[in-house]
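There are 2 protein chains.
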Amino acid sequence: MFELFRNYIAKYSRASLTDEEFKKLSVAFQPKSLKKRQFFLQEGEVCKYMGFIVNGAMRQYSVDDKGVEHIVNLSIENWWVGDRESWVMLAPSIYNIDAWEDTDMLVITRADFLETLQHIPVLHEVIKSIDEKHAIATQRRLTASISLPAEQRYAELEKTYPEFLQRFPQHVIASYLGITKETLSRVRNKAVKK
Amino acid sequence: MFELFRNYIAKYSRASLTDEEFKKLSVAFQPKSLKKRQFFLQEGEVCKYMGFIVNGAMRQYSVDDKGVEHIVNLSIENWWVGDRESWVMLAPSIYNIDAWEDTDMLVITRADFLETLQHIPVLHEVIKSIDEKHAIATQRRLTASISLPAEQRYAELEKTYPEFLQRFPQHVIASYLGITKETLSRVRNKAVKK
DNA sequence: CGGTCTCTTGACGGAGTTCAAAGCTAGTGG
DNA sequence: CCACTAGCTTTGAACTCCGTCAAGAGACCG
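Below is the structure:
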């Protein structure tokens with residue numbers, strides 16, 4: 001359970017954690033398993049946990065006035081899930097997060113997270129680096145969403161996260177791209193012919 | 001020049017900086033003034049500076065295959081400008097950043113920034129808090145851009161950053177929202193009639 | 001003044017949505 | 001092993017929102 005997590009952390013820290021530090025870190029996290037379709041966070045709740053996906057796949061989405069789901073994030077192994085805004089502000093979330101496949105995660109509360117940071121200074125560096133990567137990815141997606149047509153957004157996804165195309169059905173991918181499943185189907189058929 | 005900056009920093013730190021700390025911080029920054037339309041960063045360059053706007057207004061945009069500008073960020077007093085991705089990765093930027101009004105800024109290089117962080121530990125907290133706010137805002141914009149039609153995105157902007165509507169002409173706002181100036185014009189006329 | 005920048009309005013076209021139907025797959029239970 | 005269902009993908013036709021192109025009108029500035 002924790003090996004993947006340790007490797008992940010090591011990747012993000014110049015000086016990797018000592019055994020003792022990693023032990024401290026481990027006790028702050030609790031294993032949690034979700035069945036497909038089970039919620040990790042529901043709209044209106046405060047996001048009390050951040051989760052690290054050990055295996056499985058999840059989606060984060062909002063629901064509009066008409067009841068349509070808009071997927072804002074997809075996550076698989078080695079990704080974090082949680083609503084930053086709600087987590088930081090302690091405010092009710094506008095998002096739902098649920099499991100798309102049966103999923104095993106490691107979760108931590110904000111209190112435990114902050115305390116652990118005190119005890120393991122190197123972690124700051126790790127977190128910062130993760131946040132940086134995340135910020136860059138989000139900015140890229142925003143830029144694409146504003147400036148590129150559906151077809152190019154799909155092409156970009158294919159290049160950036162090809163795993164997603166294996167793991168999620170097309171109607172999920174479509175929503176993530178901000179288009180309908182029908183449009184995605186047509187885009188793909190057109191692409192194949194080229 | 002530095003008063004506004006000091007107030008800004010104070011807002012983001014629980015324990016505000018000592019005079020000595022702030023002096024250290026100040027020497028790391030250099031004043032820089034840009035005339036309207038002058039570039040702070042051009043596509044293809046590495047982003048060597050982060051800038052804090054003391055007064056004025058700037059825009060960050062990419063240019064697509066057809067030569068159309070897509071504005072991804074607008075910034076005014078008390079905002080930071082720079083391309084995170086290029087700044088962190090030391091890679092050529094895909095964005096242009098220029099002044100929309102005559103602008104006075106304080107700028108810092110990455111080397112000076114990292115060194116200053118060493119000398120003033122409280123700064124980490126400040127930076128983290130700024131980054132968090134920024135990440136949340138970007139996520140919100142992405143969500144809106146995927147799930148809301150033009151009219152609601154404009155309404156949201158009106159609520160979130162009403163200053164922008166005063167400072168930037170409509171065609172700039174339109175591009176920031178990912179629509180054309182004509183569409184924005186029609187949306188606004190329709191809104192007035194309600 | 002005469003330019004440059006800005007906003008508006010109209011006519012047309014196209015990308016993408018909506019709605020409806022049908023086919024395709026994989027699991028589940030008889 | 002087949003029948004049935006649920007979830008997924010595809011296709012077509014009508015429609016809608018928004019972009020494109022073009023023209024005109026106001027505002028500001030040298």
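In order, the protein sequence lines correspond to chains A and B.
Those letters in the first sequence? Residues 1 to 194, per this note's numbering, in order.
Those letters in the second sequence? Residues 1 to 194, per this note's numbering, in order.
Built from N, CA and C at the ideal position, the CB exists for glycine as well.
Check: Rounded separation between residue 35 (chain A) and residue 70 (chain A) - CA only; Outcome: 21 Å
Check: Extent of the continuous alpha helix (DSSP H) to which residue 109 (chain A) belongs; Outcome: Careful: residue 109 (chain A) lies outside any alpha helix (DSSP H), inside the beta strand (DSSP E) at 103-109.
Check: Separation of residue 3 (chain A) from residue 232 (chain B), as counted between CA atoms; Outcome: Lying before the first or after the last residue shown, residue 232 (chain B) is absent from chain B, which here runs from 1 to 194.
Check: Residue 95 (chain A) versus residue 44 (chain A) - alpha carbon distance; Outcome: 8 Å
Check: Simplified DSSP state of residue 58 (chain A), which is helix, strand or coil; Outcome: strand
Check: Cβ contact check for the region 11-22 of chain A and the region 53-62 of chain A: 3 or more pairs under 8 Å; Outcome: no
Check: Burial state of residue 135 (chain B), where buried means 16 or more other Cβ atoms lie within 10 Å; Outcome: buried
Check: Buried or exposed by the 16-neighbour rule on C-beta atoms within 10 Å, applied to residue 142 (chain A); Outcome: buried
Check: Host alpha helix (DSSP H) of residue 139 (chain A) (start-end); Outcome: 122-147
Check: Span separating the alpha-carbon of residue 92 (chain A) from that of residue 51 (chain A); Outcome: 18 Å
Check: Amino acids of chain B, ordered along the chain, whose beta-carbon sits closer than 8 Å to that of residue 85 (chain A); Outcome: 136, 139, 140
Check: Distance between residue 9 (chain A) and residue 22 (chain A) (C-alpha atoms, nearest Å); Outcome: 9 Å
Check: Delimiting residues of the beta strand (DSSP E) encompassing residue 33 (chain B); Outcome: 30-34
Check: Counted within 10 angstroms of its Cβ, other Cβ atoms place residue 1 (chain B) as buried (16 or more) or exposed; Outcome: exposed
Check: Selected residue, minimal CA-CA separation from residue 48 (chain B), among B:85, B:24, B:79, B:67; Outcome: B:85
Check: Beta-carbon contacts of residue 145 (chain A) that lie in its chain and below 8 Å, excluding the five residues immediately before and after; Outcome: 153, 178
Check: Residues of the region 59-85 of chain B with Cβ closer than 7 Å to any Cβ of chain A, in chain order; Outcome: 62, 64, 70, 72, 84, 85
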